[in-house]
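Residue 0 is where the sequence shown starts when you use numbering that gives the first Met the number 0, and the numbers rise one by one after that. Idealized CB from N, CA, C, for every residue including glycine.
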Amino acid sequence: MRWLKKCPVGPHYMLQEFCQIHQTSTSNPHPPNFNPTDKNGAARRKTKGIE
Ligand SMILES: [Zn+2]
Numbered sequence: 000m001r002w003l004k005k006c007p008v009g010p011h012y013m014l015q016e017f018c019q020i021h022q023t024s025t026s027n028p029h030p031p032n033f034n035p036t037d038k039n040g041a042a043r044r045k046t047k048g049i050e
């Protein structure tokens with residue numbers, strides 16, 4: 000299936016991997032291994048000894 004791609008410049012989504020409006024590459028808003036709102040991130044890094 001195809002995910003909607005998110006334009007990094009404007010607050011809009013599209014199926015294309017290139018935003019014709021802003022002339023820039025779009026990104027997938029569903030990254031598998033990155034969650035900037037992960038509230039447990041700090042505790043998990045502490046467990047791994049990184050912080
Ligand atoms: Zn755009």
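- Taking C-alpha positions only, lysine 4 is separated from glutamine 19 by approximately 13 Å.
- The set of residues with any CB-heavy atom separation to ligand 1 below 7 Å comprises, in chain order, Cys6, Val8, Gly9, His11, Cys18, Ile20, His21, Thr23.
- Assignment of lysine 45 by DSSP, reduced to helix, strand and coil, places it in the helix class.
- Rounded to whole angstroms, glycine 9 and arginine 44 show a C-alpha spacing of 32 Å.
- Its chain contains no residue whose beta carbon lies nearer than 6 Å to that of lysine 47 once the 5 sequence neighbours on both sides are disregarded.
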